[in-house]
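In the working numbering, the protein residues as written are 1 to 159. Don't be surprised by glycine CBs; every beta carbon is placed ideally from N, CA and C. Predicted model, so just to flag it, every value in this text is computed and none were measured.
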Amino acid sequence: MDRHSLLFVCLGNICRSPLAEGMFAHVVAEAGHGARFHVDSAGTSDWHIGGPPDGRAIHAAAARGIDISGQRARQVAASDFSRFDYVLAMDESNLARLQAVAGPEPGARLHLFLDFADGLSGEIPDPYYGGAEGFEQVLDMVEAASRGLMQRILAGSAG
Ligand code: 4NP
Numbered sequence: 001m002d003r004h005s006l007l008f009v010c011l012g013n014i015c016r017s018p019l020a021e022g023m024f025a026h027v028v029a030e031a032g033h034g035a036r037f038h039v040d041s042a043g044t045s046d047w048h049i050g051g052p053p054d055g056r057a058i059h060a061a062a063a064r065g066i067d068i069s070g071q072r073a074r075q076v077a078a079s080d081f082s083r084f085d086y087v088l089a090m091d092e093s094n095l096a097r098l099q100a101v102a103g104p105e106p107g108a109r110l111h112l113f114l115d116f117a118d119g120l121s122g123e124i125p126d127p128y129y130g131g132a133e134g135f136e137q138v139l140d141m142v143e144a145a146s147r148g149l150m151q152r153i154l155a156g157s158a159g
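Structure, rendered in C-alpha cells:
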C-alpha cells in the first residue's frame, strides 16, 4: 500500500499549518484511511522553531476533538520537497516563499491547500492578530480542504 506524505505550511507554524495537520490526520483517521497518510507541518519563518502551537489554536482544535498540543514548530527546508509528495501552502505569500525554497524542479507537488475545498479556493487567512472567530474560520476551511484533498488523493486525481 502506498503511503502519501503531506506537508502543511504557513508563516509561523503555530496557527494555520498545525491546525491543517491535525485536521487532516483527524479526517483521514475518521474515514479509516489513517495508515495511508503521513502528515507534518512547517513554517516559512524561523520565528517559532521548537515552540508549541498558539494556545488559541490548541483550544479551538480541542473543542473539535483534535489534540495538536504535542506539535512543535519547525522551518521548511529544501529537503522537504524530496521527502514529501505534497506541500500545501496556506496563502499566496507562503506559496511564493515555497517556490523560492523548492527551486526549479521540486519533487513534491505544491498547491494552495484551500483550492482542494469544495466551493472554496485561495487563501486561508492568518488568524494570529485577530480573535477566536478567526481560528474557527481556519478550522472550517482546513476541514473542507482536508476532505477534498483526501478524496482527490485516494481517487488519484489530486494533480
Ligand atoms: P501562522 O500564523 O502562520 O498561521 O502560524 C502566524 C503566527 C505567528 C506570526 C504570524 C502569523 N508572527 O508574527 O509571529
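Item to check | Those residues, in chain order, that have a beta-carbon closer than 7 angstroms to some heavy atom of the ligand 4NP | outcome: Spelled out in chain order, the answer is Cys10, Leu11, Gly12, Asn13, Ile14, Cys15, Arg16, Ser17, Gly43, Trp47, His48, Asp54, Met90, Asp126, Pro127 and Tyr128.
Next on the checklist: Per DSSP, what are the beta-bridge partners of His38 in this structure?
Outcome noted: Residue 38 sits at position 38 when you count from the first residue of the sequence shown. BP columns for His38 point to Ser5.
Item to check | As assigned by DSSP and simplified to three states, the class of Gln75 | outcome: Taking the first residue of the sequence shown as 1, we reach residue 75 at position 75. If DSSP states are grouped into helix, strand and coil, Gln75 belongs with the strands.
Item to check | C-alpha distance - Arg36 paired with Ala78, whole-angstrom precision | outcome: Looking up residue 36 in the sequence shown gives position 36. Looking up residue 78 in the sequence shown gives position 78. Roughly 24 angstroms separates the two Cα atoms.
Next on the checklist: On the DSSP bridge list, what partners appear for Cys10?
Outcome noted: Along the sequence shown, read from residue 1 onward, the residue named residue 10 stands at position 10. DSSP output for Cys10 lists Gly43 as bridge partner(s).
Checklist entry - With respect to the beta strand (DSSP E) encompassing Leu110, which residues constitute its N-terminal and C-terminal limits? => result The residue given as residue 110 occupies position 110 in the sequence shown. That run of the beta strand (DSSP E) goes Arg109 to Leu112.
Checklist entry - Is Ala145 helix, strand or coil by DSSP? => result Reading the sequence shown from its first residue, position 145 is the one you call residue 145. DSSP, reduced to helix, strand and coil, places Ala145 within a helical segment of the structure shown.
Checklist entry - Mind checking if Arg36 is an interface residue toward chain B, Cβ cutoff 8 angstroms exclusive? => result No chain B is part of this structure, which consists of one protein chain only.
Item to check | Pairwise C-alpha distance: Asp80 and Ala108 | outcome: Within the sequence shown, numbered from 1, the residue matching residue 108 stands at position 108. Within the sequence shown, numbered from 1, the residue matching residue 80 stands at position 80. Taking the straight line from one Cα to the other gives about 8 angstroms.
Next on the checklist: Whether or not the region 7 to 21 and the region 51 to 59 are in contact is what I'm after, with contact meaning three or more pairs of Cβ atoms, one per stretch, closer than 8 angstroms; do they touch?
Outcome noted: yes
Item to check | Residue environment, Asp2, which counts as buried when at least 16 other CB atoms sit within 10 Å | outcome: Working through the sequence shown from its first residue, we reach residue 2 at position 2. Counting Cβ neighbours within 10 Å, Asp2 comes out exposed, since fewer than 16 surround it.
Checklist entry - Are Ser41 and Leu7 close, meaning C-beta to C-beta below 8 angstroms? => result On the sequence shown, position 41 is the one that residue 41 refers to. On the sequence shown, position 7 is the one that residue 7 refers to. It is a contact, given that the beta carbons lie within the stated cut-off.
Item to check | Separation of Leu139 from Ile124, as counted between CA atoms | outcome: Translated into the one-based positions of the sequence shown, residue 124 becomes position 124. Translated into the one-based positions of the sequence shown, residue 139 becomes position 139. Distance between the alpha carbons of Ile124 and Leu139 is about 10 angstroms.
Next on the checklist: Need the endpoints of the beta strand (DSSP E) that Leu88 sits in, please.
Outcome noted: Working through the sequence shown from its first residue, we reach residue 88 at position 88. Per DSSP, Leu88 belongs to the beta strand (DSSP E) from Tyr86 to Ala89.
Checklist entry - What number of angstroms, rounded off, separates the C-alpha of Val76 from the C-alpha of Ala102? => result Along the sequence shown, one-based indexing puts residue 76 at 76. Along the sequence shown, one-based indexing puts residue 102 at 102. Computed Cα separation, rounded: 10 angstroms.
Checklist entry - DSSP three-state call for Arg64: helix, strand or coil? => result Position 64 of the sequence shown holds residue 64. Three-state DSSP puts Arg64 in coil, outside helix and strand.
Checklist entry - Is it buried or exposed for Ala155, if we count other Cβ within 10 angstroms and need 16 for buried? => result Against the sequence shown, residue 155 aligns to sequence position 155. Exposed is the label assigned to Ala155, since fewer than 16 other Cβ atoms lie within 10 Å of its Cβ.
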